[in-house]
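Asker:
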Amino acid sequence: MHPIRTAIAAATLFAAGAAQAGNVLIVLSDADHLDLKDGNVFATGFYLNELTQPLKLLLDAGHKVTFATPKGRAPTLDKSSIDPMYFGGDAAVMQQYQALAEQLGITSQAASPVISLARVEQIGYDHYDAVYIPGGHAPMQDLIRSVELGRLLTSFHARGKTTALVCHGPAALLAALPDPVAAVGRMEQGKKPGQAGWIYAGYKMTVISNQEEAQAKSTLKGGEMKLLPQTGLEMAGAAYSSNTAPWSAHVVSDRELITGQNPASATQVGQALLARLQK
């Protein structure tokens, strides 16, 4: 069977003997833009490879996935991520992953399978075995200050449930700060987040580095982010780890956390998540 059709089938059906398959919650941003320091707006969303490379690994292994955003709106694909360079330079491979996202209807305003984080909470966090958060700049707009996401992360942390994130995605861990709205607002002003008690303080983790952000600054067309992911996590108390060569893959695992630094790390994050689910 064609690999994409295999993945689509796995999204809704379990193969014989897949009773032990996991249910992975994939959390994306509602945002289609990022507000910048100068008042300008940068159009963004999730990165194609950061969502679909781990997603396909999960589906091919027979796991079930549930998509959620804070408000239950269909997420937006960052068009700049539709580029073969994120898929080993192979346009045909990129098109296969693009077809997977399209056939699942993830970005469809009329037919997206996405549910809200409030609905996730109603269903019960115990229903999910792991959570995965891809990047793109969009998480910096809403996920980092989402009280609903903070409750989910706190529950997963308390139960030691696998929590995997990549590129800008790990910045969403800031949602688990006490009063993340106020804390992130303070950090955007260059101040400490305020109250102590971040559940991930002292964890080894990675996220897109300040060096990589500086090298990619032209993407923002002269704008500047209100808060750099690395800076935010370090201010909150993370033990930050970076690659030795910018844009090379780098994955860090510490307790329940699996974090990947950049788009090149997405497949390895997916593999690490899959290995956890198979234990």
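Following the numbering used here, the numbering of the sequence shown begins with 599 at its first residue and continues without gaps.
Note that beta-carbon positions come from the ideal geometry of N, C-alpha and C, so glycine has one too.
1. Given A873, which residues of its chain have a CB within under 6 Å of its CB, disregarding the five upstream and five downstream residues?
2. Report buried or exposed for G686, applying the criterion of at least 16 other Cβ atoms within 10 angstroms of its Cβ.
3. For the beta strand (DSSP E) that S851 lies in, which residues bound it at each end?
4. Threshold first: 4 residues or longer. Then list the alpha helix (DSSP H) segments lying entirely within the stretch 678-745, N to C.
5. My understanding is that A747 touches L698, with C-beta atoms under 8 Å, so please give their C-beta distance in whole angstroms.
6. Identify which residue in N841, A736, P652 and D777 has its Cα closest to the Cα of H766.
7. Please go through the same chain and pick out, in chain order, the residues whose beta-carbon is closer than 6 Å to the beta-carbon of Q651, but skip the five residues on each side of it.
8. Among the residues of its own chain, which have a CB less than 7 Å from the CB of D740, if the five just before and after it don't count?
9. Pull the bridge partners of Q803 from the DSSP assignment, please.
10. Please classify R853 as buried or exposed, where buried requires at least 16 neighbouring CB atoms within 10 angstroms.
11. Can you tell which of A836, I713, K789 and M692 has its C-alpha closest to the C-alpha of Y801?
Answerer: The structure says:
1. Here residue 873 is taken as the residue at index 275 of the sequence shown, counted from 1. Here the set comprises nothing.
2. Here residue 686 is taken as the residue at index 88 of the sequence shown, counted from 1. G686 is exposed by the Cβ-count criterion.
3. Working through the sequence shown from its first residue, we reach residue 851 at position 253. Unbroken beta strand (DSSP E) run through S851: V849 to D852.
4. 689-702 and 715-721
5. For the purposes of this step, residue 747 is taken as residue 149 along the sequence shown, with counting starting at 1. For the purposes of this step, residue 698 is taken as residue 100 along the sequence shown, with counting starting at 1. Residue 747 is actually Leu in this sequence, not Ala. About 25 Å; that fails the 8 Å criterion.
6. Counted from its first residue, the sequence shown places residue 766 at position 168. When only C-alpha atoms are compared, the closest one is A736.
7. Translated into positions along the sequence shown, residue 651 becomes position 53. A864, T865 and G868, listed in sequence order.
8. Numbered from 1 along the sequence shown, position 142 holds the residue referred to as residue 740. If we look at D740 and ignore the five residues flanking it on each side, its Cβ neighbours are S627, D628, A629 and P668.
9. Here residue 803 refers to the residue found at position 205 of the sequence shown. With the sequence shown as reference, residue 803 is identified as Met, and Gln is not the correct amino acid for it. Answer is Y838, bridged to M803.
10. Walking along the sequence shown from the start, residue 853 turns up at place 255. It counts as exposed.
11. By 1-based counting over the sequence shown, the position of residue 801 is 203. Measuring from the Cα of Y801, the nearest candidate turns out to be A836.
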